[in-house]
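Worksheet for the structure shown next.
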């Protein structure tokens, strides 16, 4: 008898135990009738409700427990308070408005039941294909908070281990769209770009958006904050203009200017996808098919007719090997075709930082310098112009082969800067913002070369780690400024890079990391390694 199991079999067995545990956890709650009270203290956490502590104790309801709210068919987590009347339940004004709940309404708290969802998880666990209506039911439950986060983690783990067919992936994208707000833009055509990320200093969005909007295309850019990198687009751009707009405010900005750069956290497009991503971040998994479906669904929800996907590839990037990037690109193309949206993918170098400035304030300065007088990082400007050119050519805004030149003319003529100022003003910022207005770190130290040599490579991942050690992205001014690039010759004592921080202790820690065996900059070597023979024969 075979008593050995594959890693996949062991994982599936563990997931089955988790499902069994969730399925058999139930408190004493059956049905409780309560009167609604609108409590604005919950507006920052609309996924929670507030009930009396004694009532919760009576029915064995635990703080943080997920409870179903009937007849509105949504799930909310529990906060308790001794001061709350026993016959009332507090919910946020934001949630009440979204679901049409009025003060004084009678609602029923019910034990969350999920037999059908667990059946679908078991079905996927057996390797069976989920049908479109089954996937729709799952995502509708997630959107309404009727699925336990642990169940979401189990389902996404299965997506990663078992994979999804193209039909399932298409159904996932459709389910995200069906449970999303939709952006209705008047100005056409609508285009967008997306990078799968992972590269330091890749801040091309604030350069591309005004270039494309100035050309007459419409680009409603919804961006995110950093998760594992020293800066996300919003971390940097919010130093130039407010980014936390509502969907209605975003629509007005785009209809007025042809472009925007706003935070996905406040716009609320594809909320169901963001709820899943929040779980994925905790369990450190990233199912490929879900990632692709989520990206395309968000672009469709934003009204995009054409999307350009950037797949940075190389050492230190999310995708390391070219063949893997081609596989991901093929999945993007196939899914886009199934959903009837035009899409192209590019594979770009991901083995080194794009810009020379890494960190929120530093990247904001770099982008603004490029828009103002083209004095920022040359590679960053070249990449922004290259991607803008591809989009312009795809929409026949210029002849094939002239996209880069056309985009460069928009940038150097000042049209992109003028459009940037329009967008800044429309989003509530100061159009006269200058590079010197962006905050700078009070503490700066330099890392110098220990000997002469030539820069062979600059590794994006260690540079990002040093920037984060210095405090980025929470510390807006923290980061790294590269003083050399690949191929540069340097002498002993030359500055290789600067480290910036707002706190002396974090700067010291970052410098210590940078001067240890941690090598963000590889020197050109005549001898790569020594394979030694025995010392004695």
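In this note's numbering, the protein residues as written are 138 to 674. Note that CB positions come from ideal geometry on N, CA and C, so glycine has one too.
Range covered by the alpha helix (DSSP H) that runs through residue 623: Sequence index remark: in the chain shown, residue 623 carries index 486 (1-based). No alpha helix (DSSP H) holds residue 623; DSSP gives it neither H nor E.
If contact is defined by three or more beta carbon pairs under 8 Å, each pair taking one atom from either stretch, is the segment 313-330 in contact with the segment 386-395? yes
Just to confirm before moving on: does the CB-CB distance between residue 578 and residue 639 stay below 8 Å? Locating residue 578 in the chain shown gives position 441, where the first residue counts as 1. Locating residue 639 in the chain shown gives position 502, where the first residue counts as 1. Yes. Within cutoff.
For a test of the three-state rule: what should DSSP assign to residue 377, helix, strand or coil? Reading the chain shown from its first residue, position 240 is the one you call residue 377. Coil at residue 377, not helix or strand.
Completely contained alpha helix (DSSP H) runs for the segment 622-664, where each covers 4 or more residues: 641-651
Residue 598 versus residue 655 - alpha carbon distance: Against the chain shown, residue 598 aligns to sequence position 461. Against the chain shown, residue 655 aligns to sequence position 518. Their backbone Cα atoms lie some 11 Å apart in a straight line.
What runs of the alpha helix (DSSP H), each 4 residues or longer, lie entirely inside the segment 195-239? 230-236
Sheet register partners of residue 481 (DSSP bridge): By one-based count along the chain shown, residue 481 stands at place 344. In the DSSP output, where bridge partners are listed per residue, residue 481 has 445.
Is residue 235 near the ligand PLP, with its Cβ less than 7 Å from a heavy atom? In the structure on display, the ligand PLP does not appear, and there are no ligands present to speak of.
What separation, rounded to the nearest whole angstrom, lies between the Cα atoms of residue 197 and residue 184? Here residue 197 refers to the residue found at position 60 when the chain shown is read from its first residue. Here residue 184 refers to the residue found at position 47 when the chain shown is read from its first residue. So the two alpha carbons sit approximately 20 Å from each other.
Would residue 187 and residue 221 be called neighbours here (beta carbons separated by less than 8 Å)? The sequence position of residue 187 within the chain shown is 50, counting from 1. The sequence position of residue 221 within the chain shown is 84, counting from 1. Yes; because the gap between Cβ atoms is below 8 Å, this pair is in contact.
Beta-carbon contacts of residue 484 that lie in its chain and below 6 Å, excluding the five residues immediately before and after: Counting from one through the chain shown, the residue named residue 484 turns up at place 347. Once the five neighbours on either side are set aside, the close Cβ partners of residue 484 are 448, 450, 462.
Close-in-space but distant-in-sequence residues of the same chain around residue 274 (CB under 8 Å, 5 per side omitted): Indexing the chain shown from 1 puts residue 274 at position 137. Taken in chain order, the residues that qualify are 253, 254, 257.
Quick check on residue 537: does DSSP put it in helix, strand or coil? Within the chain shown, numbered from 1, the residue matching residue 537 stands at position 400. Coil.
Alpha carbons only, please: which of 594, 590, 362, 653 is nearest the one belonging to residue 626? Reading the chain shown from its first residue, position 489 is the one you call residue 626. The option with the nearest alpha carbon to residue 626 is 590.
Is residue 436 closer than 8 Å to residue 398 when the C-beta atoms are compared? Translated into positions along the chain shown, residue 398 becomes position 261. Translated into positions along the chain shown, residue 436 becomes position 299. No; because the gap between Cβ atoms is not below 8 Å, this pair is not in contact.
Taking the runs of the alpha helix (DSSP H) that are 4 residues or longer, which of them lie wholly in the segment 235-323? 252-262, 269-280, 286-299, 303-315
Along the alpha helix (DSSP H) that carries residue 670, what are the first and last residues, could you check? Against the chain shown, residue 670 aligns to sequence position 533. First-last for residue 670: undefined, no H or E at that position.
Among residues of its own chain, excluding the 5 on either side of residue 680, which ones have a beta-carbon nearer than 7 Å to its beta-carbon? Beyond the ends of the chain as shown, which are 138 and 674, falls residue 680; an answer cannot be given.
Exposure of residue 232, with buried meaning 16 or more beta-carbon neighbours within 10 Å: Taking the first residue of the chain shown as position 1, residue 232 is located at position 95. Residue 232 is buried by the Cβ-count criterion.
Taking only runs that begin and end inside the segment 373-444, name each unbroken beta strand (DSSP E) of 3 or more residues, in chain order. 396-400
Examine the Cβ distances between the segment 202-209 and the segment 299-318 and report whether three or more of them are shorter than 8 Å. no
Which residues does DSSP list as the beta-bridge partners of residue 584? The sequence position of residue 584 within the chain shown is 447, counting from 1. Residue 584 is bridged to 634.
By the DSSP assignment, the beta strand (DSSP E) with residue 177 in it spans what residues? Taking the chain shown and counting its residues from 1, the one referred to as residue 177 is at position 40. Counting along the chain, residue 177 falls outside any beta strand (DSSP E), and DSSP gives it neither H nor E.
DSSP-derived helix/strand/coil call for residue 333: Here residue 333 refers to the residue found at position 196 when the chain shown is read from its first residue. Note: residue 333 maps to coil in three-state DSSP.
For the beta strand (DSSP E) containing residue 360, name the first residue and the last one. Your numbering for residue 360 matches position 223 in the chain shown. Residue 360 -> beta strand (DSSP E) spans 356-360.
Along the chain, where does the alpha helix (DSSP H) containing residue 526 start, and where does it finish? As a first step, residue 526 must be located in the chain shown, where it is residue number 389. Segment 515-531, the alpha helix (DSSP H) holding residue 526.
Identified DSSP bridge partners for residue 594: Sequence index remark: in the chain shown, residue 594 carries index 457 (1-based). 659, per the DSSP bridge assignment.
So who's on the other strand from residue 616, going by DSSP bridges? As a working note, residue 616 is residue 479 in the chain shown. Paired residue(s): 637.
Excluding the 5 residues preceding and the 5 following residue 379 in the sequence, name in chain order all residues of the same chain whose CB lies nearer than 7 Å to its CB. Here residue 379 refers to the residue found at position 242 of the chain shown. 564, 565, 566, listed in sequence order.
Taking the CB atoms as reference points, tell me whether residue 368 and residue 547 lie closer together than 8 Å. Indexing the chain shown from 1 puts residue 368 at position 231. Indexing the chain shown from 1 puts residue 547 at position 410. No, the Cβ-Cβ distance between residue 368 and residue 547 is not below 8 Å.
Residue 340 and residue 574 - do their beta-carbons sit closer together than 8 Å? To locate residue 574, count along the chain shown from 1; it is residue 437. To locate residue 340, count along the chain shown from 1; it is residue 203. Taking 8 Å as the Cβ cut-off, residue 574 and residue 340 do not qualify as a contacting pair.
What does a CB cutoff of less than 7 Å around residue 316 pick up in its chain, not counting 5 residues either side in sequence? Residue 316 sits at position 179 when you count from the first residue of the chain shown. Excluding sequence neighbours, residue 316 sits near 276, 277, 280, 409.
How far does the alpha helix (DSSP H) with residue 554 in it extend, from its first residue to its last? By 1-based counting over the chain shown, the position of residue 554 is 417. Unbroken alpha helix (DSSP H) run through residue 554: 552-563.
Quick one, are the C-beta atoms of residue 659 and residue 594 less than 8 Å apart? Residue mapping note: residue 659 aligns to position 522 of the chain shown, counting from 1. Residue mapping note: residue 594 aligns to position 457 of the chain shown, counting from 1. Against a cut-off of 8 Å, the Cβ pair of residue 594 and residue 659 comes out as a contact.
Does the pairing of the segment 531-538 with the segment 550-562 give three or more beta-carbon distances under 8 Å? no
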